[in-house]
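In UniProt numbering, the protein residues as written are 1 to 917.
Structure below.
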């Protein structure tokens with residue numbers, strides 16, 4: 001390939017950069033640097049690339065081409081082609097609410113169909129159901145429907161007639177808890193459970209340990225023995241636990257085995273990885289084949305909550321003693337209803353203590369006397385069962401039976417197999433693997449029957465081309481922007497999570513000591529994942545869902561070339577492009593320069609109450625923690641959390657302003673008849689509150705009940721207005737900022753001296769008008785690509801207010817601010833803390849409170865301003881106490897009442913902004 005002329009390269013670089021064609025830009029840069037083999041088109045098959053603008057018709061064409069290839073491989077299994085309804089018709093007619101959304105968390109909760117809910121509604125509209133604990137006609141009808149549902153549940157699991165009982169519970173967790181509470185534990189009992197178990201199973205050990213039983217976690221692994229007749233798996237026991245066993249006691253001493261019962265618990269399918277357990281283990285364990293010597297009788301508890309959605313256990317072949325079931329995992333509705341299936345000969349062993357309404361034949365209030373009901377179901381079901389939910393089960397089973405369990409299993413297997421194979425094949429530009437898969441995805445056989453060892457789950461983590469891990473929160477946040485619903489974390493299965501991620505017990509404890517708990521944002525600790533990404537399929541999942549996921553992964557996480565992804569920061573990337581365009585040089589080291597392009601302070605914005613609308617004065621004084629009174633107050637919910645537009649977008653419609661001469665903050669809301677005036681003077685008698693912003697706690701002072709009542713009415717939820725307490729919140733400087741700025745004055749470290757309001761990070765947030773204009777050009781180009789979208793989904797122009805900056809500067813070039821380190825406005829000096837990491841709040845229209853339906857502008861920003869999980873736009877500043885050389889700067893302590901500020905310590909619109917890099 002010949003080298004294009006230099007003038008052509010410069011022209012193309014400028015054009016490509018301004019329009020956002022980054023992968024073609026990479027090709028030019030690589031070619032310019034001497035890589036004459038650099039391709040101008042990616043060799044990888046990509047659903048859609050940033051360098052390949054495509055309208056909907058083009059994208060649809062490529063999707064169809066790939067679907068044809070998929071059907072060539074999996075057409076026999078996919079789509080219910082020989083069934084009563086095809087997958088395309090099913091999605092079109094029964095799941096219209098999924099239009100524009102990709103739902104991939106069926107392991108968490110699958111979806112109900114519209115026909116299913118219509119049938120439920122019709123039945124409830126035509127039938128009168130009363131409390132079953134009565135003798136009325138409506139009560140008897142309810143009793144009949146409950147008994148019908150029991151028979152239908154047992155039939156679904158092929159339970160031999162008369163051999164099992166169906167006890168309705170509030171969910172699978174309640175079913176598992178019931179086993180733990182009522183099991184006949186003994187001080188010589190054993191409770192074994194596989195490492196790959198849900199927390200709801202692990203919780204049973206607390207009952208066992210409290211009764212003196214020994215608890216042991218077990219790894220079930222493929223056997224390495226080739227001996228004939230050897231069981232194909234082996235059991236590797238972890239350390240046993242017993243709270244009462246003394247050192248001089250021998251647990252192997254002979255004991256009376258009559259009445260001694262042990263329990264072994266395992267899932268039919270692991271909810272973390274989708275790995276299926278061989279159900280032949282049930283009989284093997286019941287026979288005591290996993291222990292030597294065997295003491296007492298072994299009973300098996302099967303957690304079938306996850307596995308029943310696509311492969312319900314056949315109890316005629318795999319007679320587990322206890323089976324826990326969750327119905328919304330199978331067909332979406334009803335929630336809050338599950339069942340415990342118990343073998344009839346095992347049921348009499350349960351020793352339930354508590355009794356509730358409907359579970360006893362007689363009880364006396366003032367003496368210890370009661371008699372339980374004779375039927376096991378009635379005795380174990382405390383209180384009134386969820387009889388309307390039970391009545392709805394029939395319509396859920398009808399939906400599943402219409403398609404057929406076998407067909408559902410084949411359908412979901414095809415999607416799972418295709419997804420896993422495509423993810424496993426993804427490679428970065430340097431050949432490094434993109435995806436680490438967890439589970440049994442290397443089986444090449446078409447195994448989609450009762451002996452399949454992998455359910456419809458694909459769990460994975462992603463890696464960058466340099467081998468570093470991508471945090472699962474980064475994946476989830478971008479998925480949300482892309483309209484994809486998936487699951488991240490450990491999914492309440494700590495044993496499986498630790499196994500697949502290679503985390504030891506000491507690692508888990510160390511992570512906890514570092515502050516990591518369930519559902520937090522610490523997805524990487526010391527560079528290692530603390531959880532994973534999980535996608536899961538169900539009977540209504542389609543190839544288009546699979547395609548959307550693969551397109552998403554390739555668009556955001558597959559690195560096609562080295563330049564963009566080898567840089568450690570956005571500053572290096574942007575400077576590389578700028579130098580290439582302006583100076584025909586790739587020098588990225590010379591940062592000691594002062595910008596020659598004139599910059600001016602275009603606007604100032606003050607936001608007195610965090611997340612509420614602010615005001616824009618022509619000039620405003622500087623306070624001790626930024627612009628005077630900026631983020632001075634927060635609104636707290638009844639649970640003690642700070643309310644923001646993330647949860648309450650309508651907060652942007654609460655307008656604030658401050659009159660320094662009157663000493664008042666004035667507040668208005670659209671639907672409030674009267675505004676509110678709040679004194680800006682301090683009242684030391686107020687109640688102190690703990691305020692947590694971005695994981696950091698500080699002190700605040702409650703303003704008072706009458707004012708909080710106004711805000712509660714304005715926002716439509718109970719809340720409290722809280723003011724910052726002086727000197728309670730400090731700035732935490734980033735290491736790179738401390739490295740280049742010693743911040744030493746009079747022997748005191750500035751990190752201890754810099755005050756901060758209730759802003760997330762810096763004292764000031766600055767946005768460049770040039771960068772905003774560039775973003776709007778990209779949004780306009782994106783709208784042109786999707787010109788067939790509804791007008792309401794178009795992005796339109798984004799105002800600076802959507803980013804809630806304190807300072808907007810005009811002049812210069814887009815993203816010049818990425819390289820700034822120090823700046824001066826008037827006689828005030830500011831230090832740059834770094835780029836601002838943006839969240840979904842920027843998608844909220846500050847004029848209406850509406851969230852953009854296409855997640856704009858954050859989605860567009862994520863395509864070119866994302867660095868290791870952060871989407872950066874704007875920069876954070878802190879005021880430095882030093883003045884510009886030759887100018888005098890006076891810093892007021894701004895003690896309240898704050899009417900003694902220095903008039904020469906003002907920011908003024910129109911002032912020149914001087915940048916020192």
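Cβ coordinates follow ideal geometry from the N, Cα and C atoms, glycine included. As the structure is a prediction and not an experimental result, all values here were calculated from the model.
Cutting at 8 Å between CB atoms, please list the residues of its own chain near residue i, excluding the five before and the five after it.
| i | result |
| --- | --- |
| residue 492 | 198, 199, 200, 271 and 518 |
| residue 458 | 274, 416, 419, 420, 423, 437, 439, 441, 534, 535 and 536 |
| residue 798 | 772, 775, 776, 779, 856 and 857 |
| residue 600 | 809, 810, 811, 910, 911, 912 and 913 |
| residue 906 | 619, 620, 621, 622 and 826 |
| residue 873 | 767, 771, 775, 803, 835, 836, 838, 842, 861 and 865 |
| residue 635 | 609, 610, 611, 612, 642, 643, 651, 711, 715, 719, 720, 721 and 722 |
Give me the residue from the options with the minimum Cα distance to residue i.
| i | options | result |
| --- | --- | --- |
| residue 383 | 356, 771, 813 and 79 | 356 |
| residue 774 | 697, 860 and 853 | 860 |
| residue 60 | 320, 544 and 344 | 544 |
| residue 379 | 362, 387 and 390 | 362 |
| residue 218 | 556, 266, 804 and 140 | 266 |
| residue 170 | 616, 221 and 340 | 340 |
| residue 303 | 296, 313, 295 and 297 | 313 |
| residue 817 | 850, 769, 667 and 678 | 769 |
| residue 407 | 715, 80, 508 and 851 | 80 |
| residue 698 | 632, 710, 713 and 725 | 725 |
| residue 465 | 433, 135 and 845 | 433 |
| residue 645 | 107, 114, 851 and 381 | 851 |
| residue 317 | 514, 280 and 284 | 280 |
Determine whether the beta carbon atoms of residue i and residue j lie at a separation below 9 Å.
| i | j | result |
| --- | --- | --- |
| residue 919 | residue 325 | Outside the shown range of the chain (1 to 917) lies residue 919, about which nothing can therefore be said. |
| residue 807 | residue 603 | yes |
| residue 215 | residue 187 | no |
| residue 152 | residue 393 | yes |
| residue 553 | residue 435 | yes |
| residue 723 | residue 693 | no |
| residue 164 | residue 315 | yes |
| residue 333 | residue 112 | yes |
| residue 146 | residue 179 | no |
| residue 542 | residue 62 | no |
| residue 461 | residue 529 | yes |
| residue 300 | residue 320 | yes |
| residue 137 | residue 296 | no |
In angstroms with no decimal places, state the Cα-to-Cα distance between residue i and residue j.
| i | j | result |
| --- | --- | --- |
| residue 700 | residue 629 | 14 Å |
| residue 561 | residue 469 | 18 Å |
| residue 441 | residue 691 | 47 Å |
| residue 212 | residue 310 | 38 Å |
| residue 99 | residue 689 | 44 Å |
| residue 767 | residue 606 | 14 Å |
| residue 71 | residue 65 | 10 Å |
| residue 908 | residue 880 | 18 Å |
| residue 565 | residue 550 | Model confidence at residue 565 stands at a pLDDT of 37, short of 50, so the residue's coordinates are unreliable; what they give is reported in the following sentence. Answer to the nearest angstrom: the Cα atoms are 20 Å apart. |
| residue 45 | residue 426 | For residue 45, the predicted structure reports a pLDDT of 34, less than 50, and the residue's modelled location is therefore unreliable. A value from the coordinates is still provided. If you take the alpha carbons of residue 45 and residue 426, they lie about 10 Å apart. |
| residue 386 | residue 337 | 7 Å |
| residue 495 | residue 531 | 11 Å |
| residue 759 | residue 110 | 39 Å |
| residue 73 | residue 411 | 12 Å |
| residue 679 | residue 662 | 9 Å |
| residue 87 | residue 93 | 10 Å |
| residue 209 | residue 527 | 36 Å |
| residue 500 | residue 194 | 14 Å |
| residue 677 | residue 480 | 39 Å |
Could you pull out every residue in the same chain whose Cβ sits closer than 6 Å to the Cβ of residue i, ignoring the five residues on either side in sequence?
| i | result |
| --- | --- |
| residue 869 | 471 and 474 |
| residue 173 | 200 |
| residue 455 | 269, 274 and 276 |
| residue 657 | 615 and 666 |
Leaving aside the five residues before and after residue i along the sequence, list all residues of the same chain whose C-beta is less than 7 Å from its C-beta, in chain order.
| i | result |
| --- | --- |
| residue 130 | 136, 138, 139 and 142 |
> Which runs of the beta strand (DSSP E) spanning at least 3 residues fall entirely within the segment 698 to 733, listed in chain order?
Replying inline: The beta strand (DSSP E) runs lying completely inside the segment 698 to 733 and spanning 3 residues or more are 719 to 724, given in chain order.
> What runs of the alpha helix (DSSP H), each 4 residues or longer, lie entirely inside the segment 314 to 372?
Replying inline: Entirely contained in the segment 314 to 372, the alpha helix (DSSP H) runs reaching 4 residues are, in chain order, 328 to 331 and 344 to 347.
> For the segment 464 to 549, which segments carrying the beta strand (DSSP E) assignment without a break, of at least 3 residues, lie completely within its bounds, in sequence order?
Replying inline: Correct list: 487 to 489 and 532 to 536.
> Taking only runs of the beta strand (DSSP E) that begin and end inside the segment 116 to 170, which ones reach a length of at least 3 residues, in chain order?
Replying inline: If we require 3 residues or more, the beta strand (DSSP E) runs fully inside the segment 116 to 170 come out as 164 to 169.
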